[in-house]
Amino acid sequence: MRHRKNTDKLGRKSDHRAATLSNLVTSLIKAERVTTTERLARSAQRFAEKMITLAKRNTLYARRRAIAFMRASGPGTKLAVHKLFDELGPRYAERKGGYTRIVKLGMRRGDASPIAVLEFVGAQITVRTRKKKVADDALEVETKVSGDVSAAPAPEPKPEKAEKAPHAATPAPEPKPAKAAEAKPDKPAAPKPAATPAEEQPKDRKGGLGRFIKGIFKHDDK
25 MRHRKNTDKL
35 GRKSDHRAAT
45 LSNLVTSLIK
55 AERVTTTERL
65 ARSAQRFAEK
75 MITLAKRNTL
85 YARRRAIAFM
95 RASGPGTKLA
105 VHKLFDELGP
115 RYAERKGGYT
125 RIVKLGMRRG
135 DASPIAVLEF
145 VGAQITVRTR
155 KKKVADDALE
165 VETKVSGDVS
175 AAPAPEPKPE
185 KAEKAPHAAT
195 PAPEPKPAKA
205 AEAKPDKPAA
215 PKPAATPAEE
225 QPKDRKGGLG
235 RFIKGIFKHD
245 DK
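Just so you know, we're using my numbering here: the sequence shown kicks off at 25 and counts up by one.
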């Protein structure tokens, strides 16, 4: 029976629960403030307090215990261990407990889970601000002003352009005389072919054979 056992299992098995709390405490040490669910914040608060207690001792055994809990295998986690013993331990050397606090933020949109902020007391947080885009003209002015004016050579003056004489008014072009319509001579009509005599025009227009026979008979008559 689980009498006086207040450990919240967080709906996870032991390995998963230990990894979740280790990652959350490591993130808290690096950023000094994390936003998570209220349930996870209360579970991680106990281990964060223990890490500060180990940092205040600052012994080899305490450092090994902190490394074992935070699983310092990557470069980011190793930096968190150095920050814990070099910065946070001396910062809370005179404080006798209560190194962290939980601030409730309300319900999360979507699943209505209660959200809270877990942070160190007197946390030193750097707020990142986005840089505004500057126009190209402003950038050019800044580069010119920031340089050493005495060392930079003076710009050479540009030669003045000679004033152009006003152009004389060009006379309007004279209109071209219209071409007179040339009368084209009438072409002589083509002569019509002379009519052939009636004798040469055979009346029989039937076939070539009939004309051939008639020509033979005419030749005999002559």
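Ideal Cβ placement from N, Cα and C applies to all residues, glycine included. Only a predicted model underlies this, so the values are computations on that prediction, with no experimental measurement involved.
Query: Comparing C-alpha positions only, which one of 99, 71, 98 and 100 sits nearest to residue 90?; Result: 71
Query: Please state whether the Cβ-Cβ distance between residue 50 and residue 94 is less than 7 angstroms.; Result: yes
Query: Between residue 80 and residue 122, which are expected to be in contact by the criterion C-beta below 8 angstroms, what is the C-beta distance as a whole number of angstroms?; Result: Actually they are not in contact, since the Cβ atoms of residue 80 and residue 122 sit about 13 angstroms apart, beyond 8 angstroms.
Query: Pick helix, strand or coil for residue 108, following the three-state DSSP scheme.; Result: helix
Query: On the DSSP bridge list, what partners appear for residue 142?; Result: 58 and 126
Query: Consult DSSP for residue 131 and reduce its assignment to one of helix, strand or coil.; Result: strand
Query: With burial defined as no fewer than 16 other Cβ atoms inside 10 Å of the residue's Cβ, what is the status of residue 58: buried or exposed?; Result: buried
Query: Would you mind giving the Cβ-Cβ distance between residue 52 and residue 68, rounded to the nearest angstrom? I have them listed as a contact below 8 angstroms.; Result: 7 angstroms
Query: To the nearest angstrom, report how far apart residue 85 and residue 92 are at their CA atoms.; Result: 11 angstroms
Query: Suppose you measure from the CA of residue 140 to the CA of residue 25; what does that come to, to the nearest Å?; Result: 32 angstroms
Query: So, for residue 34: in the same chain, excluding its five sequence neighbours on each side, which residues have a beta-carbon less than 6 angstroms away from its beta-carbon?; Result: 41
Query: Should residue 56 and residue 147 be called a contact, given that it needs their Cβ atoms to be closer than 7 angstroms?; Result: yes
Query: Excluding the five sequence neighbours on either side, which residues of its own chain have a C-beta within less than 6 angstroms of the C-beta of residue 173, listed in chain order?; Result: Here residue 173 scores only 49 on pLDDT, less than 50, and its place in the model should not be relied on; the value that follows carries that caveat. Within the same chain, residue 173 has no close Cβ partners at all.
Query: Measuring alpha carbon to alpha carbon, tell me which of 61, 48 and 200 ends up nearest residue 128.; Result: 61
Query: What's the C-alpha gap between residue 138 and residue 132?; Result: 6 angstroms
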